[in-house]
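A short worksheet on the structure shown next.
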Amino acid sequence: MTTTRTSRKPRSRETIESYLLSEHQLEDMYYYMLLARRLNERMLVLNRQGRAPFVIAGAGQEAAQVGAAMAMNKGQDYLAPYYRDLGMNLVLGMTAREAMLNLLGKRDDPNSHGKQMPSHWGNVERRILNGSSVVATQLLHATGIALAAKMKKDPIVAVTCCGEGSTSKGDFHEALNFASIHKLPVIFFVQNNGYAITESTAKSMAVPNVADRARGYNMQSAMVDGMDCIAVYQTVKPAIDQARRGGGPFLIEAKCYRLWAHSSDDDDSRYRPKAELEEWAKKDPVTTFRDRVESDGIFPREDLEEIEQRVEQEVRDAAQWAMMQPDPEPEDALTHVYKEL
Amino acid sequence: MAQMTVIEAVRSTLEEEMGNDDRIFLIGEDVEAGGVFRATEGLSKTYPGRVIDSPLAEASIVGIAIGAAHYGMRPVAEIQFADFIHSAFDHLVSEASRWSYRTNADAYLPLVVRTPWGGGVHGGQHHSQSIEAYYTHVPGLKVVTPSFPADYRSLLKASIADPNPVLFLEHKRTYRLIKQEMDGAPAETRLGKSRIARKGDDLTIYAYGLMLHESLAAAEELAKDGIECTVVDLLTLLPLDVETILEAAKATGKILVVHEDTLTGGFGGEIAALIAEHAFEYLDAPIRRLAAPDVPSMPYHHVMEDFFMPDKDKIAAAARDLAAY
Chain A
213 MTTTRTSRKP RSRETIESYL LSEHQLEDMY YYMLLARRLN ERMLVLNRQG
263 RAPFVIAGAG QEAAQVGAAM AMNKGQDYLA PYYRDLGMNL VLGMTAREAM
313 LNLLGKRDDP NSHGKQMPSH WGNVERRILN GSSVVATQLL HATGIALAAK
363 MKKDPIVAVT CCGEGSTSKG DFHEALNFAS IHKLPVIFFV QNNGYAITES
413 TAKSMAVPNV ADRARGYNMQ SAMVDGMDCI AVYQTVKPAI DQARRGGGPF
463 LIEAKCYRLW AHSSDDDDSR YRPKAELEEW AKKDPVTTFR DRVESDGIFP
513 REDLEEIEQR VEQEVRDAAQ WAMMQPDPEP EDALTHVYKE L
Chain F
1020 MAQMTVIEAV RSTLEEEMGN DDRIFLIGED VEAGGVFRAT EGLSKTYPGR
1070 VIDSPLAEAS IVGIAIGAAH YGMRPVAEIQ FADFIHSAFD HLVSEASRWS
1120 YRTNADAYLP LVVRTPWGGG VHGGQHHSQS IEAYYTHVPG LKVVTPSFPA
1170 DYRSLLKASI ADPNPVLFLE HKRTYRLIKQ EMDGAPAETR LGKSRIARKG
1220 DDLTIYAYGL MLHESLAAAE ELAKDGIECT VVDLLTLLPL DVETILEAAK
1270 ATGKILVVHE DTLTGGFGGE IAALIAEHAF EYLDAPIRRL AAPDVPSMPY
1320 HHVMEDFFMP DKDKIAAAAR DLAAY
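Chain order of the listed sequences is A and F.
Each residue of the first sequence is one higher than the last, beginning at 213 in this note's numbering.
Each residue of the second sequence is one higher than the last, beginning at 1020 in this note's numbering.
Now the structure itself:
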């Protein structure tokens, strides 16, 4: 399965001064953010139809994810993601069809072949680490990748993601500590979406910002508006470039917002003030990006509509196709307990 | 080759294998200075940059080794005492053991975690424990428990070469206590194989680690009284060599399983269940388990420590009872 999207129009790769990005990159940003959102929406529909037992989504975090992933060297850098990172996986090569195979736990899901719950990403070829549902363990795995790369003098960077809730776990602190001691090429990309299931940030930490936590480890850190894909890219890119040159680890906190409930099994109206949600919904990263590039005259409306239609079509096709794909065999439950060489 | 201790078997194997494969590196607490038991003595000088002192944070030792193994290195992590491994339990159980399973073996982890376990060293509750039973319950891991220096060497090599996460348990009381003439010593090179260390017709003893040596000593003494024991050196607890275990059970029909871990939920229950399930008609007596009493951990004072641990005399007494049944 090929993975890269193809624009219908030739897009210039020349840098637009006011964005420090090219038309080509800007179209990619919109395409991947929209694809992530529409896939998540369709997944939730499939869940409500009884076709998919569980959905855990990244709505509201698309700008953070797409901006950060586009700053990586695809095929070279490693990603140790967390379960909301659909957008990052799409940028790094996952197709809409594969995302739907994953949702349905189908035999041919390249992430886990039906062995794990949906959104537990992993793909060796794309350098995406597999992970569990236990939060923050992936931060140490990414640190190990970075240690190995440094030992072998390979010019790669490991990017690892988590929510702000994960930053209270020991693994987060152990990873930052080790990465900073050894000046490893690893980027800790924290998507602060305001909630750890029902717990607002104030219940998780006594500091106002996750980025503040870096100081205890003598690590460089930055905060960025996680609803702004361009700002995220412009923040993550230099951090990755610097790490690649031996400048050490970086903690980046993208302030974003979980627009949906924690998962398809959660009712966020129990704990989330409606006014708060409405306020953040105005900053929806997908629509604000669209409005900006349209009003700045980067893309005419018909171009944006064309992208939207293409995404709709891709998502519809992916869902229909994936539902017809084979399920695992019952006895597949017994396979690959050990790797045989 | 002359005589070798267990600790020298471990150290020399690490040194040789690091020379053979530059993907191998060591990570753990105090390993640069040689480690508290001197298992890595001199290696940081021989292999600069490949023996890495970790902060005192066991989850990070294993978690970082997982990432490095995924990348293609061959990390050999050291947990200074098995008693401290519990904060890395999550990484071994929730992560490492499932790396192959949850990716249909697209990804795999050539990872070794070495750790000294077991008592008899006045180590009290937190430097004496047997931890094997927590991990033998985890398919996807391999759990190796050698007893003799030659097997330490061959099985450590096999563990490093294995594409799966291996918990390599080194009984700390045997580090300098047990010596072996290496010339012609049997050495099991495969994980998942047990060895019949002694043959006798009257009963079969199953053991590993220090208890294997205590069992062999008991068998020696019992032979003087005409009681002949088969002694099985289990070597690997997971995956288990079911064939050898059943063969040894069927040969005598009387079973004594010995371990230093506490009784309930200890590994002996698994051996007993296997034999009861698959060799019931060969049995001439109820299966007997000899283990430490069900108290939280090994007490410190030597009087209580001796009481807690099975030893040659307790094994011999249990074997005499069984032989007379």
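Cβ coordinates follow ideal geometry from the N, Cα and C atoms, glycine included.
Asked, Found
"In terms of alpha-carbon separation, which member of 1256(F), 1301(F) and 1236(F) lies closest to residue 1338(F)?", "1236(F)"
"Going by beta carbon distance, what residues of the same chain come within less than 6 Å of residue 445(A), once the five residues before and after it are set aside?", "279, 282 and 283"
"For residue 1091(F), which residues from the same chain have a beta carbon less than 8 Å from its beta carbon, with the 5 sequence-adjacent residues on both sides left out?", "1042"
"Residue 1108(F) touches chain A at which residues, Cβ-Cβ below 7 Å?", "Chain A residues near residue 1108(F): none, gap ~11 Å exceeds 7 Å."
"What number of angstroms, rounded off, separates the C-alpha of residue 248(A) from the C-alpha of residue 1167(F)?", "57 Å"
"Just the chain F side, please: which residues come within less than 9 Å of residue 255(A) by C-beta, in chain order?", "The premise fails here: residue 255(A) is roughly 20 Å from chain F at the closest Cβ pair, so nothing lies under 9 Å."
"Express the C-alpha separation of residue 1124(F) and residue 325(A) in angstroms, rounding to a whole number.", "11 Å"
"Please report the straight-line C-alpha distance between residue 1107(F) and residue 1113(F), rounded to a whole angstrom.", "10 Å"
"Within 8 Å of any Cβ in chain A, is that where the Cβ of residue 1047(F) sits?", "no"
"What in chain F is Cβ-close to residue 328(A), meaning under 8 Å?", "1121"
"What is the DSSP secondary structure of residue 425(A), counted as helix, strand or coil?", "helix"
"If contact is defined by three or more beta carbon pairs under 8 Å, each pair taking one atom from either stretch, is the segment 1162-1180 of chain F in contact with the segment 1196-1209 of chain F?", "yes"
"Given a threshold of 16 other Cβ atoms within 10 Å of its Cβ, counted over all protein chains shown, does residue 1299(F) qualify as buried or as exposed?", "exposed"
"Please confirm if the segment 1126-1145 of chain F is in contact with the segment 512-521 of chain A, defined as three or more CB-CB distances below 8 Å between the two stretches.", "no"
"Please list, in chain order, all residues of the same chain as residue 352(A) whose beta carbon is under 7 Å from its beta carbon, the five residues on each side excluded.", "383, 386 and 387"
"Over the uninterrupted alpha helix (DSSP H) stretch that includes residue 441(A), give me the two end residues.", "441-456"
"Which residues of chain D have a Cβ atom closer than 8 Å to the Cβ of residue 1044(F), listed in chain order?", "Absent from the structure: chain D. Protein chains present are A and F."
"Does the separation of the CB atoms of residue 1024(F) and residue 1197(F) fall below 8 Å?", "yes"
"Taking 6 Å as the limit between beta carbons, can you name the residues of its chain near residue 408(A), skipping five residues before and five after?", "377 and 416"
"Using the Cα positions of residue 213(A) and residue 1260(F), report the straight-line distance between them to the nearest angstrom.", "Residue placement at residue 213(A) cannot be trusted, given a pLDDT of 39 that sits under 50; what the coordinates show is reported in the next sentence. Going by the C-alpha atoms only, they are around 42 Å apart."
"Could you list which residues in chain F have their beta carbon closer than 8 Å to that of residue 354(A), in chain order?", "1086"
"Strictly under 8 Å for the Cβ-Cβ distance: is residue 1178(F) near chain A by that measure?", "no"
"Check whether the Cβ atoms of residue 1186(F) and residue 1160(F) lie closer than 8 Å to each other.", "yes"
"Ordered along the chain, which non-local residues of its own chain (more than five positions away) have a Cβ less than 6 Å from that of residue 398(A)?", "354, 355, 358, 370, 391 and 461"
"Note down, one range per segment and in chain order, each beta strand (DSSP E) of at least 3 residues found wholly within the segment 1122-1185 of chain F.", "1131-1136 and 1161-1164"
"Taking all protein chains shown into account, do 16 or more other C-beta atoms lie within 10 angstroms of the C-beta of residue 525(A), making it buried, or fewer, making it exposed?", "exposed"
"Quick check on the DSSP output: what are the complete beta strand (DSSP E) runs of length 3 or more inside the segment 1279-1330 of chain F, in order along the chain?", "1307-1311"
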